[in-house]
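Trainee: Protein chains in written order, with this note's numbering: chain A, 54 to 167; chain B, 22 to 317.
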Amino acid sequence: MPKVNTFKVKVQTGEQGMSEPVYFNFNNHKMEFKNVSGSAESGKIFEGDFEVNSFAHSLTLVGPESGKWEIERISIEYDCENEKPYTIQFGAVTLDKATEVNIWQDPPIPAFDV
Amino acid sequence: MPGNLRLLGDFGSYNIKNNALVLYPLRQTTWIGDNPLNFIKKIFTGMKRDAESESPVVVEEQQPVEEAVSAPEPEANPGFPEVRHVLQIPAISESIFPENSPAVLIKAKPSPTGDQCLFTVNRPLMNGNSWYFPDFESAAGSPLAEALFCLEDVETVLVCEYTVTITRKDKTLFDWVPLAKEVGTAIRGVVQAGEALISEKIIAELPSEEEIREGIQKVIDTEVNPGVAGHGGNVTLMAVKGNSVTIKMGGGCQGCSAADLTLKQGIHTSFRTAVPKVGAIFDETDHTAGLNPFFS
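1) To the nearest angstrom, how far is it from the Cα of A220/B to the Cα of P164/B?
2) Short check: CB of I241/B to CB of V266/B, under 7 Å?
3) So which residues on chain B does I162/A lean against when the C-beta distance must stay under 8 Å?
4) How far does the alpha helix (DSSP H) with Q213/B in it extend, from its first residue to its last?
5) Below 8 Å on C-beta distance, what does V167/A contact in chain B?
6) Just mark N297/B as buried or exposed, buried being the case when its beta carbon has 16 or more other beta carbons within 10 Å.
7) By how many angstroms is the C-alpha of T306/B removed from the C-alpha of V211/B?
8) Distance cutoff 7 Å, beta carbons only. Does T140/A sit that close to anything in chain B?
9) Strictly below 8 Å CB to CB, what residues from chain B border Q158/A?
10) Alpha helix (DSSP H) containing A168/B: first to last residue?
11) Is the region 61-80 of chain A in contact with the region 89-106 of chain A, if contact means three or more CB pairs nearer than 8 Å?
12) How about I127/B and F118/B: are their beta carbons less than 7 Å apart?
13) Curious, which full-length beta strand (DSSP E) runs of at least 3 residues does the region 105-155 of chain A contain?
14) Taking Cβ-Cβ distances below 7 Å as the criterion, which residues of the region 123-151 of chain A are in contact with chain B?
15) Report yes if the C-beta of P161/A is less than 6 Å from at least one heavy atom of the ligand PLP; otherwise report no.
16) For a test of the three-state rule: what should DSSP assign to A260/B, helix, strand or coil?
17) Tell me whether A89/B sits in a helix, a strand or coil according to DSSP, three-state version.
18) From the DSSP output, which residues share a beta bridge with W152/B?
19) For A129/B, report the span of its alpha helix (DSSP H) as first-last.
20) Please go through the same chain and pick out, in chain order, the residues whose beta-carbon is closer than 8 Å to the beta-carbon of E88/B, but skip the five residues on each side of it.
21) Can you pull the chain A residues whose beta carbon is under 8 Å from the beta carbon of R293/B, in chain order?
22) Ignore the nearest five residues each way along the sequence and tell me which others in H110/A's own chain have a CB closer than 7 Å to its CB.
23) Would you call V299/B buried or exposed, if buried means 16 or more other Cβ atoms sit within 10 Å of its Cβ?
24) List, in order along the chain, the chain B residues whose C-beta lies closer than 9 Å to that of E85/A?
25) Expressed to the nearest angstrom, what Euclidean distance is found between the alpha-carbon atoms of V90/B and S114/B?
See the structure below:
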């Protein structure tokens, strides 16, 4: 597992948004994003980042304490030590107080043409 | 009290007569928490139901436990945060090839462990199914596999829809570039020739999903799970598509540093021995998820 320097998340909310702060769980530590812009309300785009400087075991986006959060698309830019920066995209998912969604992906394995 | 009593220590004693389990608990026993005799009853009655469901097990209590005191029900949330369920959704992958390219394009992606390499082709190689060629002899009649086994270092070949996965004989070599270029040339040559890639006999004898599901589930229940249970692990059959199966490792296997070894040397071997026509075996375990995964 690589050491994550920073990651930046961009979340496009669908029809049902939420007004609570957006939390993530890094290695089971629940935290808020830094440098937040936009919101997680209906149809809006939320952006935030975090300087981690730690090894990634798990990283999840946490659902709201009340109501549901319909996410249309999640885009995460990872900057890991000794790796090229890479971006991972996820599709639609709905979160609530009992769920969170995995947004961690290892750096892509290099492929070459043969 | 009948003969052949077996003592259960401080719990009392039991005997089996006429295929019935008879428990003799100690008198005036006060249990903190669940009465252990209830636990023993559950074990025996559960075992009997599994073994011979038609003969009910009669449980008699010669001296019933009087007013067993149970500890109060634990609170639903005794000061710990609610455990959330982690959803796994697939990442959206962009196409790795330009659309409608007339050329046969092939990308090679060695596995992180270096023991195998995945080749993705912009042409279908086997629609909806997969086939595992364990050796040169098994490739007879399948031009794609024959061409690949002509390469000296190729050990096994797995063809699955748009991909070919190769394992190599020389496990000490980590650099896949030289062999991958030879594999690419071989695949391209066969695909461009335009003939059938896989033997007609194999295609005609492909098993149904139900046959694959039954066979694999039986191996999991009788071989795999009893084996990994010693380490607190378990394996679940998640899906069958064509003759390809998807499994998930749980319990002690999830996040275990030896999971890859268990999968490739234990589970794959068991599956392929018992169900020779099983094709690709996918593992969708997220070894980083969960509250307490084990990392090496």
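Even glycine gets a Cβ: it sits at the ideal position worked out from N, Cα and C. This one's a predicted model, so the numbers in the text were calculated from it and none came from an experiment.
Mentor: By the coordinates alone:
1) Here the question's residue 220/B lines up with position 199 in the second sequence. Here the question's residue 164/B lines up with position 143 in the second sequence. Ala is not the amino acid found at residue 220/B; the sequence shown has Ser there. If I take the Cα positions, the gap works out to 8 Å.
2) Numbered from 1 along the second sequence, position 220 holds the residue referred to as residue 241/B. Numbered from 1 along the second sequence, position 245 holds the residue referred to as residue 266/B. Taking 7 Å as the cut-off, the Cβ atoms of I241/B and V266/B do not count as close.
3) Along the first sequence, one-based indexing puts residue 162/A at 109. From the beta-carbon of I162/A, the residues of chain B found nearer than 8 Å are K130, P131, S132 and P133.
4) Counting from one through the second sequence, the residue named residue 213/B turns up at place 192. In the DSSP annotation of this structure, the continuous segment of the alpha helix (DSSP H) that includes Q213/B starts and ends at V198 to A214.
5) Start at 1 with the first residue of the first sequence, and residue 167/A comes out as number 114. The answer, in chain order, is I127, K128, A129, F140, A201, K202, V204, G205 and T206.
6) Reading the second sequence from its first residue, position 276 is the one you call residue 297/B. The residue asked about is misnamed: residue 297/B is Pro in this sequence, not Asn. Classification of P297/B: exposed, given that the 10 Å Cβ count is below 16.
7) For the purposes of this step, residue 211/B is taken as the residue at position 190 of the second sequence. For the purposes of this step, residue 306/B is taken as the residue at position 285 of the second sequence. Rounded to the nearest whole angstrom, the C-alpha separation of V211/B and T306/B is 35 Å.
8) In the first sequence, the residue the question calls residue 140/A occupies position 87. Judged by the 7 Å Cβ criterion, T140/A is not in contact with chain B.
9) Counting from one through the first sequence, the residue named residue 158/A turns up at place 105. Neighbours of Q158/A in chain B, taken as residues at a C-beta separation under 8 Å, are given in chain order as A112.
10) As a working note, residue 168/B is residue 147 in the second sequence. Taken as a continuous stretch (DSSP letters only), the alpha helix (DSSP H) holding A168/B covers P164 to F170.
11) Contact between the region 61-80 of chain A and the region 89-106 of chain A is present, because at least three Cβ pairs lie under 8 Å.
12) Here residue 127/B is taken as the residue at index 106 of the second sequence, counted from 1. Here residue 118/B is taken as the residue at index 97 of the second sequence, counted from 1. I127/B places its beta carbon 7 Å or farther from that of F118/B.
13) You should have 112-115, 122-133, 139-143, 146-148 and 152-155.
14) Going along the region 123-151 of chain A in chain order, one finds I141, Q142, F143, G144, V146 and A151 with a Cβ nearer than 7 Å to chain B.
15) This structure lacks the ligand PLP, and indeed carries no ligand of any kind.
16) Within the second sequence, the letter at position 239 stands for residue 260/B. Strand at A260/B.
17) Counting from 1 along the second sequence, the entry for residue 89/B is found at position 68. Low per-residue confidence applies at A89/B: pLDDT is 43, beneath 50, and the placement is therefore not dependable, though the value from the model is reported in the following sentence. Three-state result, A89/B: coil.
18) Taking the first residue of the second sequence as 1, we reach residue 152/B at position 131. In DSSP, W152/B forms a bridge with V180/B.
19) Translated into positions along the second sequence, residue 129/B becomes position 108. Run containing A129/B: none in the alpha helix (DSSP H); it sits in the beta strand (DSSP E), I127 to P131.
20) Position 67 of the second sequence, counting from 1, holds the residue named residue 88/B. Reliability of the predicted coordinates at E88/B is poor, the pLDDT of 45 falling under 50, and no value is obtained from them.
21) Taking the first residue of the second sequence as 1, we reach residue 293/B at position 272. Residues of chain A passing the Cβ test: none, with the nearest at roughly 25 Å.
22) For the purposes of this step, residue 110/A is taken as residue 57 along the first sequence, with counting starting at 1. Closer than 7 Å at the Cβ level, and outside the excluded window around H110/A, lie M54 and N80.
23) For the purposes of this step, residue 299/B is taken as the residue at position 278 of the second sequence. V299/B comes out buried.
24) The residue labelled residue 85/A in the question sits at position 32 within the first sequence. The contacting residues do not exist; E85/A stays about 16 Å from chain B at best.
25) Taking the first residue of the second sequence as 1, we reach residue 90/B at position 69. Taking the first residue of the second sequence as 1, we reach residue 114/B at position 93. In this predicted model, V90/B has a pLDDT of only 46, less than 50, meaning its place in the structure is not dependable; the value taken from the coordinates is given anyway. Distance between the alpha carbons of V90/B and S114/B is about 59 Å.
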